[in-house]
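Colleague: Top to bottom, those sequences are chains D and U.
Everything in the first sequence is counted per the numbering used here, starting at 4 for the first residue and increasing by one.
Everything in the second sequence is counted per the numbering used here, starting at 4 for the first residue and increasing by one.
From the three backbone atoms N, C-alpha and C, an ideal C-beta is built for every residue, glycine too.
Given the structure is predicted, the values throughout are model-derived calculations rather than measurements.
2 protein chains.
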Amino acid sequence: MELLKERIRMDGRVKEGNILKVDSFLNHQIDISLLNEIGREFKHLFDGKKITKIVTIEASGIAIACLTAQYFNVPVVFAKKAVSKNIDGDVYTSTIKSYTHGNEYTAMLEKRFLTQNDQVLILDDFLATGKAQLGLLDISRQAGATVAGIGIVIEKGFQGGGDKLRAAGYDLRSLAIIDSMENGTLCFRE
Amino acid sequence: MELLKERIRMDGRVKEGNILKVDSFLNHQIDISLLNEIGREFKHLFDGKKITKIVTIEASGIAIACLTAQYFNVPVVFAKKAVSKNIDGDVYTSTIKSYTHGNEYTAMLEKRFLTQNDQVLILDDFLATGKAQLGLLDISRQAGATVAGIGIVIEKGFQGGGDKLRAAGYDLRSLAIIDSMENGTLCFRE
């Protein structure tokens, strides 16, 4: 998606430890017009697939999932990251190791919001090693739901998670794949 | 907002400790059509006000803020709740005590995303004692931004936070105000 790559080139900032910061438009401040274009592109890429629900994980996946869901006319359900008084009994859980935050957390999703009748589109802002996506796939498997596809805004291709998911047979589409970001220079996969 | 009250009556569940769960349509699973109507209503309520940015706090405020922002044509910026490698240097912070989660956390917002030139609409899903909103007001004050208004989807009127904010002069609009929820029966303020 050329518009997105241009925006990453213009406003993305490469930080130590292969961290790409896109927080001026994607995951802290949010450019709603850009996210609408992203939603339109996901609709185009997954058009023709039967999708009943968009699944993501808090927090930065929520904006992408909600704006994209408008093009699919389906509800969003987002996995939560922490134990709180507001989550009760019947939940699916999966443990995820976060590359960005350097810790482990449990993703939780209430069982009544994902069932074997669901055809799921998993959406997220980043894919690096693929740990968060594996967590959502694990939860979908527990629910007996069918995974129709995985849509990612920015894939760090050089971390390998995306290619592993493709090799496992998932229909994974990333709007921008970064193959290297050495010395602060971004190289996108064509 | 009658549509919202009807939905709360139909799908809301009252739990021990005056907790109202609306996670089948507002803050776990998200009904995108309803949130679009909510966005339209906020636009109607705050119409004519100059607004340059919508400010909220992760996680459940993000969906409401993003869908509403489409009607105002402005960016969203959401305060983050935890320290992560992805937040760097120049941030505003405010400490917030959570009623729902029974803990304290720090809300953080990067300084470059909120300035004295901003006219802010603060949006959130719930207002109870008003602690989260006070945190966002504190951050807006630190930024020198003007608070044009506060929009809340569900206000727990009986917890008093909303009336305190109104008494302090804020233009606070709540789409549904619950005056009591004793014995599981919801009473809305007319």
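State the beta-bridge partners of N106(U) as determined by DSSP.
Modeller: In DSSP, N106(U) forms a bridge with S101(U).
Colleague: Tell me, which residues are paired with F191(D) by DSSP?
Modeller: F191(D) is bridged to I181(D).
Colleague: Can you confirm whether V79(D), when its beta carbon is compared against all beta carbons of chain U, has any partner nearer than 7 Å?
Modeller: Yes, contact with chain U.
Colleague: Would E61(D) be called buried (16 or more neighbouring beta carbons within 10 Å of its own) or exposed?
Modeller: With 16 or more other Cβ atoms within 10 Å, it is buried.
Colleague: Could you compute how far the alpha carbon of I181(U) sits from the alpha carbon of E158(U)?
Modeller: Between I181(U) and E158(U), the C-alpha separation is close to 6 Å.
Colleague: Compile a chain-ordered list of the residues in the region 42 to 54 of chain U whose CB is closer than 8 Å to at least one CB of chain D.
Modeller: So the list is empty, because no residue satisfies the distance condition.
Colleague: Closer than 8 Å, Cβ to any Cβ of chain U: which residues of the region 118 to 133 of chain D, in chain order?
Modeller: Answer set for the region 118 to 133 of chain D: empty.
Colleague: Return the Cβ separation of I142(U) and Y95(U) in integer angstroms, given the expectation that the two are a contact with Cβ distance under 8 Å.
Modeller: Confirmed, about 5 Å.
Colleague: Provide the residue span of the alpha helix (DSSP H) that contains R43(D), from first to last.
Modeller: Residues 35 to 48.
Colleague: Measuring CA to CA, which of A171(U), G160(U), D166(U) is closest to E185(U)?
Modeller: It is G160(U) whose Cα lies nearest to the Cα of E185(U).
Colleague: Quick one: list the residues of chain U neighbouring L70(D), beta-carbon separation under 7 Å, in chain order.
Modeller: The answer, in chain order, is C69.
Colleague: Under 7 Å Cβ-Cβ, which residues of chain U neighbour Y34(D)?
Modeller: It should be pointed out that residue 34(D) corresponds to Asp in this sequence rather than to Tyr. The contacting residues are P78.
Colleague: When we look at the beta-carbon of T188(D) and count the other beta-carbons within 10 Å, is it buried (16 or more) or exposed?
Modeller: Exposed, because fewer than 16 other Cβ atoms sit within 10 Å of the Cβ of T188(D).
Colleague: Going by Cα to Cα distance, which pick from G152(D), D128(D), V17(D), Q73(D) is closest to G51(D)?
Modeller: Measuring from the Cα of G51(D), the nearest candidate turns out to be G152(D).
Colleague: For L117(U), which three-state DSSP category applies?
Modeller: Of the three classes helix, strand and coil, the one that applies to L117(U) here is coil, per DSSP.
Colleague: So, is the C-beta of E107(D) closer than 7 Å to a C-beta in chain U?
Modeller: With 7 Å as the cut-off, E107(D) does not count as an interface residue toward chain U.
Colleague: Rounded to a whole number of angstroms, what is the C-alpha to C-alpha distance between G165(D) and L124(U)?
Modeller: Going from the Cα of G165(D) to the Cα of L124(U) covers about 38 Å.
Colleague: For K100(U), return the contacting residues in chain D, with the cut-off set at a CB-CB distance below 7 Å.
Modeller: Chain D residues near K100(U): none, gap ~14 Å exceeds 7 Å.
Colleague: From what residue to what residue does the beta strand (DSSP E) around A151(D) run?
Modeller: Unbroken beta strand (DSSP E) run through A151(D): 149 to 159.
Colleague: What residues from chain U crowd round K83(D), counting only those whose CB sits closer than 8 Å?
Modeller: Those are H31, A62, listed as they occur along chain U.
Colleague: Is the shortest distance between the beta-carbon of I142(U) and the beta-carbons of chain D less than 7 Å?
Modeller: No, its Cβ sits nowhere closer than 7 Å to a Cβ of chain D.
Colleague: Going by other Cβ atoms of all chains shown within 10 Å of its Cβ, with 16 needed for buried, is C190(D) buried or exposed?
Modeller: Under this definition C190(D) is an exposed residue.
Colleague: Can you find the residues in the same chain that come closer than 7 Å, C-beta to C-beta, to F116(U), ignoring five residues on each side of it along the sequence?
Modeller: Excluding positions up to five away in sequence, the list reads V80.
Colleague: Check this for me: beta carbons of A82(D) and D121(D), under 7 Å apart or not?
Modeller: Not a contact, by the Cβ cut-off of 7 Å.
Colleague: Using a C-beta cutoff of 7 Å, does Q136(U) count as contacting chain D?
Modeller: Not closer than 7 Å to any Cβ of chain D, the Cβ of Q136(U) fails to qualify, so no.
Colleague: For L175(U), which residues does DSSP report across the bridge?
Modeller: L175(U) is bridged to I153(U).
Colleague: Quick one: list the residues of chain D neighbouring E9(U), beta-carbon separation under 7 Å, in chain order.
Modeller: Per Cβ cutoff of 7 Å: no residues; E9(U) is ~18 Å from chain D at best.
Colleague: Taking 6 Å as the limit between beta carbons, can you name the residues of its chain near M2(D), skipping five residues before and five after?
Modeller: Outside the displayed span of chain D (4 to 193) sits residue 2(D), for which this structure offers no information.
Colleague: Can a CB atom of chain A be found closer than 7 Å to the CB of A151(D)?
Modeller: In the structure shown, chain A cannot be found, because the protein chains are D and U.
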